[in-house]
Amino acid sequence: MKFGLDFYRYMIPQWDRSYADYNRLKWLIKTADTQDSVQDSAFSLNNIGLRVASVAEQSPVFNEEYTMCELFHLGGQPYAIPNAHRVLHSELRLLLAAYTEYRRQMKALQWFDTAHVEAVERLAAKVHRRVEAGSLASDPVQSQGEDGGQKELREYMFAHLQRVEGLMTDITKVLALPEPAVKESIIIQSIFTESHCRHHSINQKDLEQALLNGDVDSLAGILVPRISNTDSVGPSVRNLICRLLQYSVILELPEPVSRLLSSWAVPALTDASHLDQNILSFVITAIGLRSMLVRGTKEARRKLCQYIQGSPCAILHKKDYRGYLPLHYAARYGLVELCRNIIALMERTGDKPVAVEVVLSPGQDGMTPLHLAVIEFHEETAQHLLKVIADSSSVDNISDNQRIMGEILLIAMRNENDAIVHSLMDHISSKGLHLIRTARDETVLHIAAQLGRDDYAVLILSRLNNEDRSLCLDIRDKSRGWIPLFYAAANGYHDVARSLLAYAAPDQLQMTDHLGWTAKEHAAFRGHLAVAELFPALDGLDMICGPANPFPSGPIFPTLHCGKDKTFIIASLGSSQRNKQVPAIDLDCFSSADNHMHRYWEEQYYTLEVSAPGSTSERRRIRLPILGDMINDPLIFALSTPTDPRLMFKIIKSGINQPETEVLVGSGTALLNANNHQLGTNRQSLIREQTIPVLEKENMAMIGTVTFTFLVAKPFPYLQTPLPINLVRQPSESPLLIGHRGLGMNLPSHQHLQLGENTIESFLAAFKLGAPFVEFDVQITRDLHAVIYHDFSLSESGTDVPVHDLTLEQYLYASNVQSPHGNPLSTLGQVSAGKGNGRQRSRSLGRQFEDGAIQIQDRMKLTADVKLKGYKPNTRGDNIIQDSFATLKEILVRLPGEIGLDIEIKYPRLHEANDAGVAPVAIDLNTFVDVALETMHKYATPNRKIMLSSFTPEICILLSLKQKTYPVLFITNAGKVPMADMEVRAASMQVAVQFAKRWDLAGVVFSCEVLLLCPRLVGFVKGKGLVCASYGTLNNQPGNVEIQVRAGVDIFIADRVGLVATTLSEMAELN
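In this text, residue positions in the sequence shown follow full-length UniProt numbering: the first is 1, and each later residue adds one.
Below you can see the structure in the form of structure tokens.
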């Protein structure tokens, strides 16, 4: 669901310009009105493989390994280290560090491919839906598996990675053993394989042992006779000494040996022709890799600096096969001392601007030394390189290189490296900040807003003058036509939005994107109402444009129905609670990743397979990592025979899109009825997520966990025939008015006398004042009776006992205490005669009645509910006329048939149990729903108009699956603050609409705040084929009613029934 909004999180910043523009392609596909226009978008999708191949070609990983193996004389792509058990451990550690780095680069390259595959599959699905809906004649998108070149590249990368990981495993095993007494150096051995270093009279073994043992005398005995006469020293001996000196830096040779080699090599080093640039690059790389291992790095760095100082300056200007200078490698590995030495040598030439040019000198891949220092998070090195630029006497140099510095700033911002961001901002001209753009025309201000970094936004805004600031705030990106304010609004970044709004011009607040939406509408739609409230009211917007402009519908889901004999297991990965940040899949092999990007790189080789034993449904396979939100894409398994519901999870490792290489890593099984057995008959926990261990297939050790939320939907035999009820408002009609809990919910107000909410008295009064429907709350008692009550706990008992822990008798007793002689006489006359109804009893005005009411008020003082709200609905006192508590049976039997019913199934919610401080246990969901439905089946007449609703998503799912007689609506606060319910599916209009569509609901009931903030969102809901209903205290104000009526709201749920009915009537007359 949030894939497009979060796509930047999956991008590797330095490859930004190589990524496909997912959001632009999505917009083009959504708005395409012809086959040809979709064909253009499909062309981009079908050529994603070219992007991957291009990045792979620029990646140094293959060439770097080849160069290292050549210098070590290991062959092009070795599968093993020859005689590894005899090799110096210092060299093996160096090889392990090198291969660890190659593995990291390879995984980054594969992740680039994985993110594109995910994007293409999502975009292709949108095209397929257009074809299925008939708006396109044919499907122009190829399957990603059809691209032979891309498949070949993936196979090559996977084979390469497997070989590298095999080498790493072998080296690690050898390093775990004691180092051998007689050691070998593959580096020294490789020197003798070079033809220009061979000398027939030098014994390789003797020389190797003298070097490794630090035997200066033996070394002198071998080499002095060959170099005593400088004039007659042969090229092979000179080259040999140079090579030995170069490699001594990384061999950890004893200091006397290095000093001796250095004294012999000085004459040779004066001739730069004997220096191999690739070898120098590798020497610097080797020291950098060893710095990752910590061991001996300080001494090695000192030797390398000495070696560089003794080298001719010309070598520092020579580029290797990648177009890299020695400074590139020093910067890449954060060797700041070496960077200082290299730059100091250049400065001594007296040509200082050359040093600046070298700092910003691009390689063949466009990377400068400063790029590499920033990408690898080497802050000290980056600061030094920036100082070199700042110290340049030529201001023009800084201006000329603004583009490069801007690219680096974008990378630093994406990596959220604050120190480097601030330093770069100090070195970049503020006049050119608006010119720094990504490939999608995002400016630095876009990036700050996208990341939610208010400090970045304030820093950027403070550096700009009024003209440039206005220009920067006004720039649209290519993808969606968003200015920076849109990113802050859509992501709910309150502080960033406030900072941007402080400088925004009025026309920017009215600005719309490619789809015609405003920033305020994006915020409200995604549940960020606190952000939407920062914006002023927007006048003059076309009510049929933007959100109200219907686009091709979303995915079409198969209709599910339990019927009389089918059971469904419905599971969603992860938690459904916003305040529980629990990873759905948490394996030891990738949970230790140091950041989210590296975790993605590790996860991309794994697949989760989920199945339900005994199910007729196919197993579901989910590629990891899970990108985007799957809360409305659940795993559904049908069970046709009675069986204990179970879910089996398997973790499978394979190459990316390489099913033939699959290996089962581990598995786990969840017994879904386990909690029910522990909690008792017809009971279940309100905590619906479950975490199970994943056990390794060989030794059964725990290797991770899977967390999921589940629901088991059981069959219900009745209410399978739909009854005609049309809730959709026609343009010429007034909205349907529903009395909230009858004549309105009770409030601690002394402005007017109130009838007790959720009572027959209140329902009759609401109908009389003009509400064709009344809304009330149904809960189920411990002995399985459906009763009418709103609050979680029955405070009238003097405790915080939940309604579901009471019997029907106990529930009614709390009412009768206040009215000991039973049901009071209706002030509206005789209630319709139902079965068993007799003469109404007269109201008792005795002392006992007053005493009962006083006792109830006194009991409730210490309950959590009364402490929190200060009152209790439908209790005698506080200007409330108390009426008897009712049951659902009574309502269906005694209320006149012409009164329509909006029956809210009020299942207990987790936050209510937490607030009351009671155990999060309630009646089993299926039992709860079945009792309510069975009561309706028995006592509701066929001509009674009924709709069902609930705040609880699982209840809505069960109502949709179990019966087809009555329409079902989902109720949501849609992000209204303060947010008590942490349910993800109730967090925004966006997810609520998707939920309703997924489960074939009739519509959604929104807290009216979101509709009042952005009235055009009503058109969005209706454009999806859903009924749009509104509730909330703001609906009691005529002005708010008028706004929503004009927007097209179908149903109003209000407390001030008479007032709203009058308003609707007056509007109808005007029309």
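A virtual CB, placed ideally from N, CA and C, is assigned to each residue, including glycine.
When the beta-carbon positions are compared, residue 957 and residue 932 stay at least 8 Å from each other.
Taking C-alpha positions only, residue 977 is separated from residue 971 by approximately 16 Å. Beta-bridge analysis with DSSP links residue 696 to 666.
The C-alpha of residue 940 is placed about 19 Å away from the C-alpha of residue 789. Contact check between the segment 52–61 and the segment 166–173: fewer than three CB pairs, one atom from each, fall below 8 Å, which does not count as touching. When the Cα atoms are used, residue 241 and residue 601 turn out to be separated by approximately 43 Å. In this structure, residue 1008 lies away from residue 969, with their beta-carbon atoms at least 8 Å apart.
Within its own chain, the residues whose Cβ lies closer than 6 Å to the Cβ of residue 23, once the five positions on either side in sequence are excluded, are 4, 479, 480, listed in chain order.
Non-local C-beta neighbours of residue 955 in its own chain, meaning closer than 8 Å and more than five positions away in sequence, comprise 905, 907, 925, 928, 929, ordered along the chain. Check the Cα spacing between residue 1000 and each of 1031, 1011, 963: the tightest is with 963. A direct Cα-Cα distance of roughly 32 Å separates residue 653 from residue 372.
By the Cβ test, the segment 666–682 is in contact with the segment 641–653, since at least three Cβ pairs between them sit closer than 8 Å. If you look at residue 1052, you'll find it in the beta strand (DSSP E) that goes 1051–1054. Residue 631 has its alpha-carbon roughly 23 Å from the corresponding atom of residue 948. Exclusion of the five residues before and after residue 177 leaves 85 as the residues of its chain whose Cβ lies within less than 8 Å of its Cβ.
For residue 900, the enclosing beta strand (DSSP E) starts and ends at 900–905. Within the model, the alpha-carbon separation for residue 283 versus residue 472 is close to 45 Å. Put simply, of 899, 893, 817 the residue whose alpha carbon is nearest the alpha carbon of residue 859 is 817.
Across the structure, residue 614 and residue 551 are spaced so that their CA atoms are roughly 40 Å apart.
In the structure shown, residue 614 adopts coil according to DSSP, grouped into three states. In this structure, 936 is the residue among 210, 111, 936 with its C-alpha nearest to the C-alpha of residue 887. The C-beta distance from residue 739 to residue 778 rounds to 16 Å, too long to meet the 8 Å contact threshold. In the three-state reduction of the DSSP assignment, residue 407 falls in the helix class. Under DSSP, residue 441 shares a beta bridge with no residue.
For residue 1031, the uninterrupted beta strand (DSSP E) run begins and ends at 1027–1031, by DSSP. DSSP, reduced to helix, strand and coil, places residue 379 within a helical segment of the structure shown. The alpha carbon of residue 456 has as its nearest neighbour, out of 417, 742, 772, the alpha carbon of 417. When DSSP reads this structure, residue 886 sits in a beta bridge with 788.
If you compare the alpha carbons of 20, 894, 915, 882 with that of residue 801, the shortest gap goes to 915.
Annotation: the continuous beta strand (DSSP E) that includes residue 775 extends over 773–780. Straight across, the Cα-Cα distance linking residue 327 with residue 19 is about 28 Å.
Boundaries of the beta strand (DSSP E) around residue 573: 567–573. With contact defined as three or more Cβ pairs closer than 8 Å, the segment 531–543 and the segment 688–703 are not in contact.
According to the DSSP secondary-structure assignment, residue 609 is paired through a beta bridge with 621, 650.
Residue 610 and residue 707 do not touch by the CB rule: their CB atoms are close to 13 Å apart, not below 8 Å.
Annotation for residue 950: no alpha helix (DSSP H) segment contains it, though the beta strand (DSSP E) segment containing it runs 946–950.
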